[in-house]
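J.: Numbering (this note's numbering), first residue to last: 171 to 528.
Just so you know, even glycine gets a beta-carbon here, dropped at the ideal spot from N, CA and C.
From a predicted model like this one, the values you see are computed outputs, not experimental measurements.
Here you go, one structure.
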């Protein structure tokens, strides 16, 4: 008989194919208060339209250059999914984008997210967006829109992925890196909160080797489960760095230490003839990295190229301004370490001295 579906009826629906429009609408209603909590000058609209609006003039810039960045959270999401804890990975998502903006001297203005899942759970989605909103508040950015995609057959039930998109602005004459980085400039390091959002494919392999479950006590963090400790969100350095940039003219460059660690990230902001000399003994290495190195038998250089090892952000400062900048950052509650200096390059872009206390 023609025209009849395999279900024995003519009215196959989108919901029967696995996509629940009502669940999507419910999620939008759940997250509207979270989005409102991120409002800032230039962004006053409601979500739900076809695009998010931002008034650059209202944000107070005179001669702005726009700076854009996008990123994800990577396989750290698998730990959130397996541990059933979804309220902090949104902070990671925002952090990975906005920290890349501030290293160019830009103030984050607005953020958009992309959330893709196999079967939409409005409560799970709201928890994720709550983290995104918290990250936006920490960065001073408005959450002006996003996209939720329910894709059965692409993701298993419970699985999801996140991507984020951030736009910031800097006054044209305050963009970083500056063009006057020179040998002798001081390298300062700002502490990380832990693993941040890079290297989690290796982290998960090491956890497998350990035989521990996500609900086991974390060997390196008293009073926390292993899953909870490893999900510690990425630090957002925006407000304290903007305070330092606006208070001193001594910051010449910033480098966000993400995947690739010191050797891949610091040279991205350096002139061709200079290298960074880092004294590893000055780094206060968080216990999580010692546990990962020992449990996985990971060598020092592999640790330094995979993880931040305790330093989430690098500041290159003029020698005569380094103490002033360190004092400004310390007054904002930052832990500042003097790591080394810029030297003439003869080979690698990063040269190590001292011993990393793993």
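How long is the line joining the alpha carbons of residue 528 and residue 410, rounded to whole angstroms?
T.: In the chain shown, counting from the first residue as 1, residue 528 sits at position 358. In the chain shown, counting from the first residue as 1, residue 410 sits at position 240. Approximately 28 Å between the Cα atoms of the pair.
J.: Starting from residue 211, follow the alpha helix (DSSP H) in both directions and report where the run begins and ends.
T.: Position 41 of the chain shown, counted from the first residue, corresponds to residue 211. That residue, residue 211, is in no alpha helix (DSSP H); it is neither H nor E in DSSP.
J.: How far does the beta strand (DSSP E) with residue 264 in it extend, from its first residue to its last?
T.: Mapped onto the chain shown, residue 264 falls at position 94. Counting along the chain, residue 264 falls outside any beta strand (DSSP E), though it belongs to the alpha helix (DSSP H) covering 259-272.
J.: As a quick exercise: from 281, 209, 474 and 287, pick the residue whose alpha carbon is nearest that of residue 237.
T.: Your numbering for residue 237 matches position 67 in the chain shown. The candidate whose alpha carbon is nearest that of residue 237 is 281.
J.: Where does residue 322 fall in DSSP's three states?
T.: Here residue 322 refers to the residue found at position 152 when the chain shown is read from its first residue. Here residue 322 sits in strand by DSSP.
J.: Check each candidate in 284, 196, 287 and 313 and name the one with the smallest Cα separation from residue 224.
T.: Numbered from its first residue, the chain shown carries residue 224 at position 54. Residue 313 is the option with its Cα nearest to residue 224.
J.: How should residue 249 be labelled, buried or exposed, when 16 other C-beta atoms within 10 angstroms of its C-beta is the threshold for buried?
T.: Position 79 of the chain shown, counting from 1, holds the residue named residue 249. That one is buried.
J.: Since residue 510 contacts residue 449 with CB under 8 Å, what's their CB separation in whole angstroms?
T.: If you number the chain shown from 1, residue 510 lands on position 340. If you number the chain shown from 1, residue 449 lands on position 279. That pair is a contact at about 5 Å.
J.: Closest to residue 294 by CA distance: which of 193, 437 and 439 is it?
T.: Walking along the chain shown from the start, residue 294 turns up at place 124. Among 193, 437 and 439, the Cα nearest to that of residue 294 is on 193.
J.: Going by the DSSP bridge assignment, what does residue 240 pair with across the sheet?
T.: For the purposes of this step, residue 240 is taken as residue 70 along the chain shown, with counting starting at 1. 335.
J.: Decide yes or no for the touch test of the region 197-205 against the region 327-336: beta carbon pairs closer than 8 Å, at least 3 of them.
T.: Flag = no, the region 197-205 and the region 327-336 do not touch.
J.: Which same chain residues, not among the five before or five after residue 230, have their C-beta less than 8 Å away from its C-beta?
T.: Here residue 230 refers to the residue found at position 60 of the chain shown. Correct list, in chain order: 211.
J.: With DSSP run on the structure shown, which of helix, strand or coil describes residue 316?
T.: If you number the chain shown from 1, residue 316 lands on position 146. Strand at residue 316.
J.: Closer than 6 Å by C-beta to residue 172: which residues in its own chain qualify, once you throw out the five before and the five after it? Chain order, please.
T.: What you label residue 172 is simply residue 2 of the chain shown in a count that begins at 1. Here the model assigns residue 172 a pLDDT of 43, short of 50, so the residue's position is not dependable, and the following value carries that caveat. For residue 172, where only same-chain residues beyond five positions count, there are no Cβ hits under 6 Å.
J.: Which of helix, strand or coil does DSSP assign to residue 173?
T.: The residue you call residue 173 lines up with position 3 of the chain shown. Reliability fails at residue 173, whose pLDDT of 44 lies under 50, so the model's placement of it is uncertain and the value that follows must be treated cautiously. Residue 173: coil per DSSP, three-state reduction.
J.: Output the boundary residues of the beta strand (DSSP E) element that contains residue 382.
T.: Taking the first residue of the chain shown as 1, we reach residue 382 at position 212. Segment: none, residue 382 is in no beta strand (DSSP E) and carries neither H nor E.
J.: Please report how far the alpha carbon of residue 463 lies from the alpha carbon of residue 402, in whole angstroms.
T.: Position 293 of the chain shown, counted from the first residue, corresponds to residue 463. Position 232 of the chain shown, counted from the first residue, corresponds to residue 402. Approximately 18 Å between the Cα atoms of the pair.
J.: How many angstroms separate the CA atom of residue 176 from the CA atom of residue 185?
T.: As a first step, residue 176 is located in the chain shown; it is residue number 6 there, counting from the start. As a first step, residue 185 is located in the chain shown; it is residue number 15 there, counting from the start. With a pLDDT of 49 at residue 176, under the threshold of 50, the modelled position of that residue is not reliable, and no figure is offered here.
J.: Contact check, residue 445 vs residue 521 under 8 Å by CB: the rounded distance?
T.: One-based indexing of the chain shown puts residue 445 at position 275. One-based indexing of the chain shown puts residue 521 at position 351. Confirmed, Cβ separation roughly 6 Å.
J.: When you compare only the Cα positions, how much space is there between residue 361 and residue 182?
T.: Here residue 361 is taken as the residue at index 191 of the chain shown, counted from 1. Here residue 182 is taken as the residue at index 12 of the chain shown, counted from 1. Approximately 55 Å, taken between the alpha carbons.
J.: Suppose you measure from the CA of residue 206 to the CA of residue 251; what does that come to, to the nearest Å?
T.: Position 36 of the chain shown, counting from 1, holds the residue named residue 206. Position 81 of the chain shown, counting from 1, holds the residue named residue 251. One C-alpha to the other measures close to 27 Å.
J.: Report the residue from 390, 289 and 484 whose alpha carbon sits nearest the alpha carbon of residue 191.
T.: For the purposes of this step, residue 191 is taken as residue 21 along the chain shown, with counting starting at 1. Here the closest residue by C-alpha is 289.
J.: In chain order, what residues of the same chain lie with their CB nearer than 7 Å to the CB of residue 245, ignoring the 5 residues before and after it?
T.: The count along the chain shown starts at 1 and reaches residue 245 at position 75. Result list for residue 245: 370, 371 and 374, in chain order.
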